[in-house]
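*Asks:* What follows is a single structure, and I will ask about it in a moment.
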DNA sequence: AATAGATTACTACATTTGTAGTACTAAAAC
DNA sequence: GTTTTAGTACTACAAATGTAGTAATCTATT
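Residue numbers (the working numbering), protein chains in the order written: chain S, -14 to 113; chain D, -14 to 113.
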């Protein structure tokens, strides 16, 4: 399956499904904020997403139990890599710099990050 | 101007304009890979982007000299923040963890990151 | 058993996006 | 000056997306 960019509505529904892991129509609809779109609007969107193999379903009687085919990690990993590749000239270092500056990390967050990176450096050295 | 998600074609053109900084039609068209879309296809896309205030132009005789109104930093900062907010529950730490794992940073990159973070910690402490 | 609610399938239309043609005219090339 | 090329405005259509109605029928409630 070729992974393309999810549009806004698709992303919203995927987000709900990733959280639910699996859900009937009612459960998905209940995730939407008020004013909710019409039942049939959501139904159409989900049907189209099934056709695109983003979402699958298990038929239980008349009803369908929907679940995500597209994995959250897969999608975001690809999103992140696409961002790095397109806008930071494939430089993860440039991206990291941008990230730490733009998100204005707190001292605690920076220290947590430093710890994590330090651990990964240790892991890399151990592997060597 | 409310910042919304650029679609694929818009992003492609913005990318070219950010690189060019300013450019005539010919210069923008020349950025496209072969087989290039029709001249009028690109023209329509740019015209629509002008209407959305992503792109502006300076009229020089008959021709238009296009430039980006939407700043690269503005867009990606907003993209990044949206990603963190929507998929990592507003946790920049979780995102950082995901980032360092998914992009499989080299030892050099990790060390460069550690250095950078260390510097920012120093900066934060100095400010205090 | 009857009624109300829920869900799917089908259908339809508006808007947005992708694509590119023609006409006209300015600018460049000869 | 003439011809060719480039660029804009206008136009148009297909596909994708956003939205939601109706009909039929299953499920839940009474």
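Cβ atoms here follow ideal geometry from the backbone N, Cα and C, with glycine treated the same way.
1) Can you name the residues of chain S whose CB is closer than 9 Å to the CB of residue 101(D)?
2) Can you tell which of 89(S), 76(S) and -5(S) has the C-alpha that lies nearest to the C-alpha of residue 91(D)?
3) Measuring alpha carbon to alpha carbon, tell me which of 66(D), 33(D) and 9(D) ends up nearest residue 46(D).
4) Straight-line CA distance for residue 23(S) to residue 0(S)?
5) Distance cutoff 9 Å, beta carbons only. Does residue 9(D) sit that close to anything in chain S?
6) So which of 48(S), 52(S), 15(S) and 25(S) has the shortest CA-CA distance to residue 35(S)?
7) In angstroms, rounded to a whole number, what distance separates the CA positions of residue 4(D) and residue 16(D)?
8) Could you pull the start and end residues of the alpha helix (DSSP H) that residue 61(S) belongs to?
9) Quick one: Cα of residue 105(D) to Cα of residue -7(S), how far?
10) Give every residue of the same chain whose Cβ lies closer than 6 Å to the Cβ of residue 55(S), excluding the five residues on either side of it in the sequence, and list them in chain order.
11) Does DSSP put residue 39(D) in a helix, a strand or coil?
12) Answer with yes or no whether the minimum CB distance from residue 0(D) to chain S is below 9 Å.
13) 9 Å is my cut-off, CB to CB: does residue 88(S) come that close to chain D?
14) In angstroms with no decimal places, state the Cα-to-Cα distance between residue 20(S) and residue 31(S).
15) By the DSSP assignment, the alpha helix (DSSP H) with residue 173(S) in it spans what residues?
16) Assign residue 103(D) to one of three DSSP states: helix, strand, or coil.
17) Could you spell out where the beta strand (DSSP E) holding residue 49(S) opens and where it closes?
18) Note the first and the last residue of the continuous alpha helix (DSSP H) segment covering residue 77(D).
19) Tell me whether residue -5(S) is buried or exposed, calling it buried when 16 or more other Cβ atoms sit within 10 Å of its Cβ.
20) Rounded to whole angstroms, how far is the Cβ of residue 99(S) from the Cβ of residue 99(D), which I believe are closer than 8 Å?
21) Just how far apart, CA to CA, sit residue 68(D) and residue 12(S)?
22) Give me the chain D residues within the contact set of residue 106(S), using Cβ-Cβ distance strictly less than 8 Å, ordered along the chain.
23) Might you give, ordered along the chain, the residues of its own chain that have their beta carbon closer than 6 Å to the beta carbon of residue 2(S), omitting 5 neighbours on each side?
24) Can you find a CB in chain S that lies within less than 9 Å of the CB of residue 34(D)?
25) Could you tell me which residues DSSP puts in a beta bridge with residue 30(S)?
*Replies:* Quick answer:
1) Those are 78, 81, 82 and 85, listed as they occur along chain S.
2) Minimum Cα distance to residue 91(D) is reached at 76(S).
3) Answer by Cα proximity: 9(D).
4) Residue 0(S) has its alpha-carbon roughly 19 Å from the corresponding atom of residue 23(S).
5) Nearest CB-CB separation between residue 9(D) and chain S: not below the 9 Å threshold.
6) Checking every option, the nearest Cα to that of residue 35(S) belongs to 52(S).
7) Straight across, the Cα-Cα distance linking residue 4(D) with residue 16(D) is about 10 Å.
8) Segment 57 to 72, the alpha helix (DSSP H) holding residue 61(S).
9) Answer to the nearest angstrom: the Cα atoms are 35 Å apart.
10) Answer for residue 55(S): 39, listed in chain order.
11) In the three-state scheme derived from DSSP, where H, G and I count as helix and E and B as strand, residue 39(D) is classed as coil.
12) Taking 9 Å as the CB threshold, residue 0(D) lines the interface with chain S.
13) Output row for residue 88(S): interface = yes.
14) For residue 20(S) and residue 31(S), the distance between alpha carbons rounds to 19 Å.
15) Because chain S spans -14 through 113 in this model, residue 173(S) falls outside it and cannot be assessed.
16) If DSSP states are grouped into helix, strand and coil, residue 103(D) belongs with the helices.
17) Residues 48 to 53.
18) DSSP places residue 77(D) in the uninterrupted alpha helix (DSSP H) bounded by 77 to 87.
19) Residue -5(S) should be labelled buried.
20) Yes, they are in contact, since the Cβ atoms of residue 99(S) and residue 99(D) sit about 6 Å apart, within 8 Å.
21) Put simply, the backbone Cα of residue 68(D) is about 24 Å away from that of residue 12(S).
22) The CB of residue 106(S) comes closer than 8 Å to the CB of 92, 95, 96 and 99 in chain D, given here in chain order.
23) Taken in chain order, the residues that qualify are 53.
24) Chain S, which has no Cβ nearer than 9 Å to the Cβ of residue 34(D), makes this no.
25) DSSP, once it has assigned bridges, lists no residue as partnering residue 30(S).
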